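Undergrad: Numbering (my numbering), first residue to last: 10 to 178.
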Ligand SMILES: Cc1cc2nc3c(=O)[nH]c(=O)nc-3n(C[C@H](O)[C@H](O)[C@H](O)COP(=O)(O)O)c2cc1C
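Here you go:
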């Protein structure tokens, strides 16, 4: 079975997860790369995205819309984390871009660090609106995200890949 692992990653977080999945598929016939990768021959496609405004990236939306009759596993990273519920919501949104001829086998999300410019923006906003508690929560979340994806996230991504592949055998 040919497996494709494709990802869209701006700052490297999603790429890191893609590489963990690749490591899990070491002994398999794989195609690996960005959204330009030719995946025609793959039966199973792991497709990874960063989170942009609560959804997958535009490139991933476009790619998903072009895929037919494949088994698909979705993975991604998001700046906000700490809640499976949030990750599930993201998955539900991404799922809408998958044509119905495909079979979705599962999804995996973890948190991914955000650029320092985001922190600078929060700090500035807190200075202007010290009474807004949500800004403080956002800043705490920013700090929490800084260490992700971590070793545990990579291990979780590998077990996710293992489970998906087992289901295809
Ligand atoms: C323009 C922009 C929009 C973002 N929107 C969200 C969002 O709506 N929700 C979220 O959880 N993270 C959001 N993030 C954070 C990224 O999805 C997160 O840092 C991700 O791990 C980046 O992945 P990458 O390193 O593979 O590019 C956003 C980041 C940027 C730059």
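Where is the CB? At the ideal position from N, CA and C, for every residue including glycine.
As the structure is a prediction and not an experimental result, all values here were calculated from the model.
Does the beta-carbon distance from residue 170 to residue 121 come in below 8 angstroms?
TA: In this structure, residue 121 does not lie closer than 8 angstroms to residue 170 by Cβ.
Undergrad: Counting beta carbon pairs with one atom in the segment 32 to 42 and one in the segment 64 to 78, are three or more of them shorter than 8 angstroms?
TA: Verdict: no, contact absent.
Undergrad: Check for me: the alpha helix (DSSP H) holding residue 106 runs from which residue to which?
TA: It is not in any alpha helix (DSSP H) - residue 106 carries neither H nor E in the DSSP assignment.
Undergrad: In this structure, does DSSP put residue 111 in helix, strand or coil?
TA: Residue state, collapsed to three classes: coil.
Undergrad: Please indicate yes or no: does the CB of residue 165 lie closer than 7 angstroms to some heavy atom of ligand 1?
TA: It does not: the Cβ of residue 165 is nowhere closer than 7 angstroms to a heavy atom of ligand 1.
Undergrad: For residue 160, which of helix, strand or coil comes out of DSSP?
TA: It is helical.
Undergrad: What's the call for residue 157, buried or exposed, on a 16-neighbour Cβ count within 10 Å?
TA: Buried: at least 16 other Cβ atoms inside 10 Å.
Undergrad: What residue from 16, 29, 76 has the CA that sits closest to residue 161's CA?
TA: With distances taken between Cα atoms, residue 161 lies closest to 29.
Undergrad: By the 10 Å Cβ neighbour count, where 16 or more other Cβ atoms means buried, how is residue 18 classified, buried or exposed?
TA: Result: buried.
Undergrad: Within the same chain, show all residues whose beta-carbon is closer than 8 angstroms to that of residue 135, passing over the 5 residues directly before and after it, in chain order.
TA: These residues qualify, in order along the chain: 141, 144, 145, 148.
Undergrad: Could you say which of 41, 40, 152, 52 lies nearest to residue 114 if we only look at CA atoms?
TA: Considering only alpha carbons, the answer is 52.
Undergrad: Going along the chain, which residues of its own chain have a beta-carbon closer than 8 angstroms to the beta-carbon of residue 108, five neighbours each way excluded?
TA: The residues are 73, 74, 76, 77.
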